Structures are given as C-alpha cells and as structure tokens.
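Chains as they are written, first to last, in my numbering: chain A, 409 to 723; chain B, 409 to 723; chain C, 409 to 723; chain D, 409 to 723.
Protein chains: 4
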Amino acid sequence: MMNEQWRHLTTKLPEWLDDCRQYAKDGEAASYIPELAKAPADALGISILTPDGSMIAGGDSGLQFTMQSISKVFTLLLALVDHGEEHVFSKVGMEPTGDDFNSILKLELVEPGIPFNPLINAGAIAVTSLIKGSSVAERTERVLAFIRLMAGDDAIDYNETVSRSESVTAHRNRSLAYFLKENGVLDEQTSVEEVLSVYFNHCAIEVTCGHLARMGLILACGGFDPLSGRQLVPRRYVQIAKTFMLTCGMYNASGEFAIRAGIPAKSGVAGGILAVVPGQYGIGVVGPALNRKGNSIAGIRLLETMSVECDWSIF
Amino acid sequence: MMNEQWRHLTTKLPEWLDDCRQYAKDGEAASYIPELAKAPADALGISILTPDGSMIAGGDSGLQFTMQSISKVFTLLLALVDHGEEHVFSKVGMEPTGDDFNSILKLELVEPGIPFNPLINAGAIAVTSLIKGSSVAERTERVLAFIRLMAGDDAIDYNETVSRSESVTAHRNRSLAYFLKENGVLDEQTSVEEVLSVYFNHCAIEVTCGHLARMGLILACGGFDPLSGRQLVPRRYVQIAKTFMLTCGMYNASGEFAIRAGIPAKSGVAGGILAVVPGQYGIGVVGPALNRKGNSIAGIRLLETMSVECDWSIF
Amino acid sequence: MMNEQWRHLTTKLPEWLDDCRQYAKDGEAASYIPELAKAPADALGISILTPDGSMIAGGDSGLQFTMQSISKVFTLLLALVDHGEEHVFSKVGMEPTGDDFNSILKLELVEPGIPFNPLINAGAIAVTSLIKGSSVAERTERVLAFIRLMAGDDAIDYNETVSRSESVTAHRNRSLAYFLKENGVLDEQTSVEEVLSVYFNHCAIEVTCGHLARMGLILACGGFDPLSGRQLVPRRYVQIAKTFMLTCGMYNASGEFAIRAGIPAKSGVAGGILAVVPGQYGIGVVGPALNRKGNSIAGIRLLETMSVECDWSIF
Amino acid sequence: MMNEQWRHLTTKLPEWLDDCRQYAKDGEAASYIPELAKAPADALGISILTPDGSMIAGGDSGLQFTMQSISKVFTLLLALVDHGEEHVFSKVGMEPTGDDFNSILKLELVEPGIPFNPLINAGAIAVTSLIKGSSVAERTERVLAFIRLMAGDDAIDYNETVSRSESVTAHRNRSLAYFLKENGVLDEQTSVEEVLSVYFNHCAIEVTCGHLARMGLILACGGFDPLSGRQLVPRRYVQIAKTFMLTCGMYNASGEFAIRAGIPAKSGVAGGILAVVPGQYGIGVVGPALNRKGNSIAGIRLLETMSVECDWSIF
C-alpha cells in the first residue's frame, strides 16, 4: 500500500503544487524585518522523506529559509532532555490559548502567569531560558548541534543578520520576556537580553525543506533515526512534541489544521512548515506568503490537500 | 499482542481502580443542582469494549449518570449529518480557547463572535440550535434516537428532573445564548428558550459506563458498528468529532490530557468520561468528584494511568 | 457677571449651533431599532435654564426624543431614595470601566462580578432591579412619576413602540441581565424579563430639551427646585449622581469629555445629552447623529465649545 | 466662613488622625523594594496650606517619603508645557481604565494601543518619554527643577537608592515600556532604558507632606502661586491635571474616591497623597500602609472624613 500511496504522491504532487501555489497571492510574506520581506512570496516547495530513505522533492524545495517558530519544537525537546518533564512544565503549561501567538493577555489574566504552552512566543522564550549553557554562544551552539544532529547536516548555521534584525525590532518579545521575568518564569540569574539573544539565534537557523523532512522523519519514528539506526531523542519527549504540534503548532489556527489535515505540524513566519505523518513520513514545506494567522497560506493548503488525498489524519 | 494487553488490562484494572479512587477525595461532585450533588463522590467505574464484543467492567460501572457535556459530541455529529461541514462551521469555530468552558469573553473580544469550538458551552448551544426538528420535543427525540442507536439501547432516556433543575439555574447558559443571538449565531426563528430546552434535555440523558463504551467503540471504528456490522455515521464526521475530543474534550485541561493520555475523550460534569482508543477500544468511565476544571478527578487519573501502561497515546 | 455670560450665550448660540451642526454628517443616528433610525440625523437643539427661570432655546430644541441612557441618572436617584447608599453600592460599583457601554467582560473577569458603575448597561439594569414596586407597571409608573416631578411636566410618558422594539432586539441586554442573575446581582424573586421591561420602559421615556434642562437645573441646584422652592431629592444623592455623570456619563468617552468640557453630563443613544453647570444652569441638548462611542457628535461639540467659551469646567 | 471651617479643621484634626490611623493595620506598606518596606506602616501625617499661607500640620507630617506615582501629575504638566495638548494626547488617552494601575491588557486589546491615561504606569512612562532633554540626567534635572519650583524648596532631590532598587525589580514596567515601543508610542530614538531611568528617578523624588501641600495649593489656584504671586503653570494645563486626578488619580479606586471625597487627588505607593480643594487648600498626606488597590488606607480615610465634614466635594 505504501508503494501505491508513494506512486500517487509522486504522480500528483506537481499538480497539487500548481493548484496550491495560486493561494500565495492571497497572503503576504512577513515584513517586520527586511530579510523576511525579501523572500519570494509566490514560492512553494516540499520535501517528503520515508524511513527507507526515499525522498520526493517538488517545487521550490531548494529554497533556504529561517526556521523561526519551527525551532521551538527542538528547543522544547532540548529543554526536556536538559531538565525532564516535571521542571519544564513548572515553567510552561500544556494548553492551547486561542489567542494570537504573541499575545500577552493570559500572562496577566490567568494564574499563575506562566505561558500556556511552549509554542506561543511567551512559552518558547520560557523554554529557551531553560537550555543549559554558560553563555549565549554556548546555548546557541547546543541548539545548533541538536538541530544539525536531527537534520543530519553539520553545515547548518544561523543567519546572524536575521538574528540581529529580529533583536532590533522585537519590542513585543522583550515585553513578553520582562512580563515572564516579573512572574518568576525566567530565573533571576539569566538576563532577559541573554535569553532573547539565544531565542533570536535559534529562530534564525537556516534550513531547506530537505532538512525539515529529515527532522520530521525522526519525529515520525518516535525519536529514532531510521537512516543512522540511532535513537536520537527519548521517545516520550518526541511524543510530547508531536502532541503540542497537533494542539498548538499552527498558532491559533491549530484547531482548524487538526480538523482539516489532522497531522502534527509546526509553522514559522518565514513560511516553513514541518509536518509529520506518524510512522510514515517527515515533511518539509516552504511558502513565504502568510495568511493573517501567520501560517504559510499555500503550504497549509498543500498539506491539507495531501492529507485528505492520502488519508493521513491520525483521527 | 492484543491478547496480551487485554490480559494486562484485566489483571491490573482492580489495582488501578483502587489507586485512582484515592484521588476522588481531592475533588467534589458538582453541586449547582441537587441531583448532581447527590452523586456518590468517591465512586469510580469503567467499562472497556472491543470490536469483537469483549468487555471489561470494573468498579462502579453500573452507576447511572447524566451525560452532560459528553452529549455535545453526539449533537455535533447529528448537526453535521443534518447540515454538512460548511454550514456547521459557519456557526462555530474549530479552535481551543484556553478559557473556562462557560466563558463569554471571546464572544465579545474576537470577531466574528462565533463560539470557538463545539465543545465549550457557547459552541454546544450553537450546535444544538442546528439540530433539525419542529419542536423541542422533536429535536430532543432526534438526539435521543441517535444516542440510543449509538449506544445500542432503546431504553435510554433523559432525566426530566435534572433537565428542569438545569433550566432553573442556568443563568450563565442563558447569558451565553442571548449573546449568541445578538451575534447572529442563533437563527431568528428559534427562541433562545427552545434551544436551551433541547440543550438541557440532551445534557440530562442518563447512561452507564457500558453505554459510553459502546458509543466510544463506534467512534473508535470510524462510525462503523462492529457489533451490528453497520456504518452508523459517516467516517469523516467521526474524524471531526475525535479531533475535537482531542483538542477540546476536557475543557481547558484538554491540552494537558492530550500530553498525559493522548487519546480522544470527552468529559461531563456528572463525572462521566467517554474515551476512544482508535481501532481498539471504546471506554466509559464515571467518577463524580471533579477537579477545579470540571473533569472527573479519579477518572482522568485512571485514563492517564491506563494510557501510559498500555501505550495508547496516538502520538 | 452672570448677566454678561448670559448675554454672551444668547448672542453667540446661533453661531455655535451652526458650526457644531456641521459635525453631524460625520456621525449616524442609532439604527438598531426603526424608531431611532427615523430621527433627523442633522438636527441639533439646546435649552438652557437658570435658577431664576430664564431660558434660552435654540435650534431644534422642540424635537421630541427618548431619554435612553439619560434615564439611568434618575433610576439611580430613585434607587438611592428607595434603598440608601449602602445597599445600592452592594449591587453596583463606583468605577469607570474603559470598556464599551454594553461590555460583559468585567462581569466575568473581575471579582465579585458586580457591574462597575450604574451608568453602563449592566449597572443600569442592576439599578433598575432595585426600584420598588410590585409589578412592571408599578415600577414604571414610579420612574415616570419621578421624572415628571423633576421635569415639571405631568404629560411626560414613555413610548410603547420604542420600548417594544428595544425588547425585541435587546439580546445583548438580556445576556447582561442573565449574567447578573448568575452573579447574584439580581434578586431571585424578580424575573429578568420583568426587570428588562421596566428598563426598556424608562429608556423609552419621551422628552424635549426643555425637560432635560429643567431636570438638569435641579441637579445643578443640589436637588433643590428653585422654581418650586422645594427640595426634590436629598442633596447627597444628587452629589453622587453628578459625580457619576462626570466620571462615567459619556460611556467610554467620559474621560475625554471631562478634559474637554469638565461638567457633569449624561448622553443617550437617541442623541440627547443632559448637562449640568453646578449652581448655574441645567442644559438639555439633542442631536441624533452619534459618534462611534454612542454620543451625539454635534451635541458633544456644542457643549465643549460652550464650556470653553464660558469657562464652565469645574476643575 | 473660611475662618469657621479653619477653626473646625484645627480643632478636629487630632481626633480624625487618631480615628483614621486605626485603619493602617488593615493595610501593608509596599514591599517590592526594601526601601519602601522599611516605612513605618502605622504612620499618618497631613499638611494643609491656604492661599494666604496659613498651614495646619498634624501627625507624622515631618515624615520623608518618595513621591512615586504622585510625580506623574508633574511630569504630565511638564510634558504639556514641552509639547502642548495635541501632541501629548496623540501618545496617551484621557480615559479611566477600570484595570490595575500596571495592567497591560488594553495595550493589546484596544486600538490604537496607546495608554488610556497619563496616570496609569503605561501612560506615565509614555509621558516621561516626552520630557525634553538630551540625557537621562538632563531630563531628570528638568523634572526636579519643576518640582522644586512647585514645592518652593530647592533642596528637593531624588533618592538614588530607591531609584536603583526600582530599576532592578521593575520587570513589569519594562514589559509595559517595550509594549509601548512596539505600539509606536515611544519614539525610535530614545531607548526604553533611558525613559525608565528618568521614570524611576522622578518616582524616587523625596518630599514631605508640606511639599505636597504647597504643590497642591498651586494646583488649587489654577497654576498661580499665591505665595510668590507668580503664575507657575498655564491654567489650562492645571485644569487638565486636576481632571485626571479626579477621574484617574487613585488608580482603579478613583471612582470610589470621587464619590466619597469628591476632590482631585493623586496617590503614590509610598503612601503619599496630594489633594486639592479648588481655590481653598493644597493638602499633603502620608500613611505608608496601603489597601489592596495601592492607596494609603488611612490616608484615604482621612481625606474622605475631612471632605464630608467640611463639604469639600466639587459636585
């Protein structure tokens, strides 16, 4: 059956790409920093990778882009490795919020004032503060090392220009971070600026669809890398990550994506999406034009189409 | 393997029941109407049903209780059958809210003022208004018929005393309903009181764990009833229902239950929980003592324990 | 000096009316019920009354209109007469909200869930529930009697058509009222519909600018009617009413009006404004075109102009 | 009559001080920085100054304390002098909020995201950013010079230890300031830290009740200093300041204070209150024990008692 679906995928993908690329014109690339605004808004690319190493790549799959919020899945995994579940979940909750990804409301409104989940900005900042390391450089290096391991590419690095641009404009994230500090979520020793530097750095890690597909494949296989034969992350932590991807991965459109596509996925404002078909595929998508909730408009469409066509929903 | 897990379940269930029942004392039965306050707060019961008709029952599985919010899964299914996806989702959204189940905030704060999902009170009232029928009696009868079909028991009925008590005290639900009317979610022809009457009636439908297990089994089998050999509900609608159960089924503790147990489930304030292990089991649980989010405190614990022990998480 | 200001007022008023009437085109008459939508949107009228009985009337001062929210000042006075300060302020607070006049947010968000002040819709409904009387008719009659006394005109009555229209469309007010009932603000004996009927009736009381001017004059004189020589309301209650008019009288534009005009005033969605220059004048204004906060756009302008020109601010 | 009231005040003040001091035990001194926590919680002092230079001082009127939020009245005046009304009110609104003084909610929820008024923390930070000067030192010096002029004491200075302590703990204020930066309220050239440094400095200006009384007297006289015979601030700006003191001066208990005392006043978390009886008195009060809204519990009581006894309400 796998072969049949694979053949279906291979055959139909060019058509789906063409269809879905049309939706890009209803969205816009992020423009809050010049580096993101320069992205080709009508691009759409995809890579699909299977446990036996087969790969389909289509459209603009060679486009390089920054991970942005997709990196939050991996900082969560690293924080879990560094501290275990109990400590991590004393600093960040497990609930979707229904609010915008950069909302500050619930930090003031809902006791005890910890972020609702690790995939909204406030939660991801809290998680970043948990990554061990004695300096910004060391913490950044540890995230990079982890992502290089997962993506199987030692050449992966972060884009310093993007990181610096983010830092200059990130007043809202600073506001979130200081609110977290006030609420006792960030520890007293670490400065807000240090945490944010690591955060901007890991958001600025550059990848292609192929990298995302490989990282997704490891998540699809419960932390086991079928290509190297090694367990790279404890299965329980991968389970946690995939659960959050399903409930919170597409900002406050996560519920809709769960209904329409039904697979764990995480988007970023550079237009990337990392998706997982459990046991079957790791998928990387890129399409820089975003809808008003901040997800790749054509990328979402492509994943929904494929999920329906291939019956991927986990429900 | 199934046999092995079944043996494990059968063997260990009494111990798990004993362990989890201890948590009941940290919660309280709902007390807003006398009928719920009378429930045995320290009870805990479970029924598990397999596609081949095997059943395990333990603890207070014979206890009769009202479905309350569990009925919302089935009114959603019926509304989908009556109107299709597009119309239903013009009246109710697909997102978890992070707010209390009876919150009115987002109806005022978030355009276009439709309820975020069908499993919070506002959303369930909107869904109830969609159930076809020319009178309260006819609409109630249609819900009852659907639930009798799903549960395989024509004797199922609603408790009129409970429904009446709910109606007398349900000022908050009336407030939600009139706000929905203001926002154009309820149609102009139907009166708020009629919609609420149907709502109170279906919340007051009385079942046992066995009924819930059977209904859950049909959801576990994608709408197909393995015991009668009939497809009772279109598979797509069951998929939708199970997705909502995962993202929104345990009120604003849904995210946490997804992380800890990882299976679709829906709770009610009478202490019932309907849970689904896709392809494998339908499960009914009852434990009237609730935690502060409104879920059965011992019931949640029991399902989390079983899911971890049996590796049920869908992630 | 009085004479000099009076001459200034008399001389300049026609010019100010012409200037301010221009602003009407930037607003719109309320349209949620047909009776309000029919009002002449570009009308602007005013009456000014002094303790010695002198009166200036200008523009469309003969226009008849419903008091709407202006009536809330008088139901507050009547509730204070009926129950005293302590009881009234156990049901309604003293704080401006910053929210829209019909907002429900703070009833859910802020303990103990009583309305923040008597001049927002929720607070006015709570106050209306306090007016003594054994029936809707008797309560309505008591409000009418009080307003006739204050306005010195026994022919004043409410417009039944307007009251009925309000009732049919007032889903938001019903939502507020049931939320109040849930929060224990409305007593258990009185039904929400009865309270709302009295509320719709007193909002529908028909007056002219001359009536408002006379009512305002009594407030300006601390409850004493200089024309009849009688103390109609205890001075302390009038002080309370004028304080609320200053802090909350123009919905969530009250702060701005306090800065720009600096006098106690209360507006209604039919375009009326009752204003008070302490010790000097009672003023009635009407201009049906509203700004987006619900206040008469030309009426506000006229009062601000006059206040600046005549140095009326109490600060 | 003045003489009679003055005699009444002089005679009764010791008794009122004794009565009101009892309430201090129901409150607590601010404890978020050690300098404030050290204040004598049960102290209560007052100074009252008249235009002819008569002064009554009672209780702990010699206690030195930091102005804290009281300074916000004077930075508002200075910003108005520096920029005029139009520019200042393009950066900060005129409405009370009903929210806590340090709330961030409305910056996210209400377009265009400017602070609602100059006396909540967000608004005061915005106003501080408007004070002209090429450095923190110069801006601080300008505020100091203005306050020395108003208080008639060149020895007034700010407490560097307090300012530094505030800076170390002020994560919430930083969060507010960065949110303001995001919303375009703070200009791009000035750094958030510079604005906050000026803010912490002016909040840390040390005064006694006598200083506050003299500053209050000038406000009571519309910006005219009756002792020096000079107009120190334009009357219109003083009018604006007094209006905000009435509507927003006591945090989200301003409405209640307006109803109970009815005079413009501004409190600070060190326990100070500056109050104004228009045309008659400038008043300085200190009582470090605060109620849960952040106002001096005994100080509020004292002012309410005096206002009722002397009939000071402006309404």
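Glycine is no exception: its CB is placed at the ideal position from the N, C-alpha and C atoms.
Since the structure is predicted, the reported quantities are computational estimates derived from the model, not experimental observations.
DSSP state of residue i mapped onto helix, strand, coil
i	result
Lys540 of chain D	coil
Asp490 of chain A	helix
Met409 of chain D	For Met409 of chain D, the pLDDT reaches just 47, beneath the cut-off of 50, and the residue's location in the model is therefore unreliable, although a value from the coordinates is still provided. Correct three-state label for Met409 of chain D: coil.
Val518 of chain C	coil
Arg638 of chain A	strand
Leu471 of chain C	coil
Ser563 of chain B	In the sequence as displayed, the identity of residue 563 of chain B is Ala instead of Ser. In this structure, Ala563 of chain B counts as coil in the three-state DSSP scheme.
Ala683 of chain D	strand
Glu614 of chain A	strand
Ile441 of chain B	coil
Glu574 of chain C	helix
Phe632 of chain C	strand
Ile478 of chain C	helix
Asp453 of chain A	For the sequence presented, residue 453 of chain A should be read as Gly rather than Asp. DSSP places Gly453 of chain A in strand when its eight states are reduced to three.
Val496 of chain B	helix
Val373 of chain B	Residue 373 of chain B is absent from the model: chain B starts at 409 and stops at 723.
Ile626 of chain C	helix
Glu712 of chain C	helix
Met502 of chain D	coil
Span of the beta strand (DSSP E), counted from its first residue to its last, around residue i
i	result
Tyr586 of chain C	Premise fails: Tyr586 of chain C lies in the alpha helix (DSSP H), His579 to Glu590, not in any beta strand (DSSP E).
Ser675 of chain A	Ala673 to Ser675
Gly702 of chain B	No beta strand (DSSP E) holds Gly702 of chain B; DSSP gives it neither H nor E.
Val646 of chain C	Note, Val646 of chain C: premise wrong, no beta strand (DSSP E); alpha helix (DSSP H) at Arg643 to Cys656.
Tyr689 of chain B	Tyr689 to Val694
Chain-ordered chain A contacts of residue i [CB-CB under 8 Å]
i	result
Glu664 of chain B	Gly501, Met502 and Glu503
Asn660 of chain B	Glu503
Alpha-carbon to alpha-carbon, residue j and residue i
i	j	result
Lys480 of chain C	Ala532 of chain C	6 Å
Phe723 of chain B	Ile478 of chain C	59 Å
Leu711 of chain B	Pro520 of chain A	26 Å
Arg582 of chain B	Leu588 of chain C	11 Å
Lys391 of chain A	Pro696 of chain A	Look at the range of chain A in this structure, 409 to 723, and you will see that residue 391 of chain A is not part of it.
Glu549 of chain D	Lys433 of chain A	54 Å
Ser573 of chain B	Ala612 of chain B	10 Å
Phe632 of chain D	Arg643 of chain D	8 Å
Met658 of chain B	Ala683 of chain B	11 Å
Gly591 of chain D	Asn510 of chain D	Strictly speaking, residue 591 of chain D in this sequence is Asn, with Gly absent from that position. When rounded, the distance between both Cα atoms is 17 Å.
Glu443 of chain D	Gly679 of chain D	13 Å
Met714 of chain B	Arg638 of chain A	29 Å
Ala628 of chain C	Leu635 of chain D	33 Å
Leu425 of chain A	Val693 of chain A	11 Å
Met409 of chain A	His416 of chain A	Only weak support is given to the placement of Met409 of chain A: the predicted model assigns it a pLDDT of 47, under 50, and the value that follows is read from those uncertain coordinates. Going by the C-alpha atoms only, they are around 10 Å apart.
Leu484 of chain D	Gln597 of chain D	21 Å
Asn567 of chain D	Glu614 of chain D	6 Å
Contact list for residue i against chain A, beta-carbon separation under 9 Å
i	result
Gln647 of chain B	Ile667, Gly670, Ser721 and Phe723
Ser583 of chain D	Ile512, Leu515, Arg582, Ser583, Leu584, Ala585, Tyr586, Phe587, Leu588, Lys589 and Glu590
Limits of the unbroken alpha helix (DSSP H) element including residue i
i	result
Ile667 of chain B	Ser662 to Arg668
Residue i: contacting residues in chain B (beta-carbon distance under 7 Å)
i	result
Glu516 of chain C	Ser511, Ile512 and Leu513
Lys589 of chain C	His579
Thr651 of chain A	Ala666, Ile667, Gly670 and Phe723
Distance cut-off 6 Å: residue i Cβ against heavy atoms of the ligand SAM
i	result
Val606 of chain D	With respect to small molecules bound, the structure shown includes none, and the ligand SAM cannot be examined in it.
Contacts of residue i in chain D (Cβ-Cβ under 7 Å)
i	result
Leu486 of chain C	Neighbours of Leu486 of chain C on chain D: none; closest Cβ ~18 Å, over 7 Å.
Phe524 of chain C	Gly506
query: Are there three or more Cβ pairs, one per stretch, closer than 8 Å when the region 429 to 446 of chain C is compared with the region 661 to 669 of chain A?
result: Verdict: no, contact absent.
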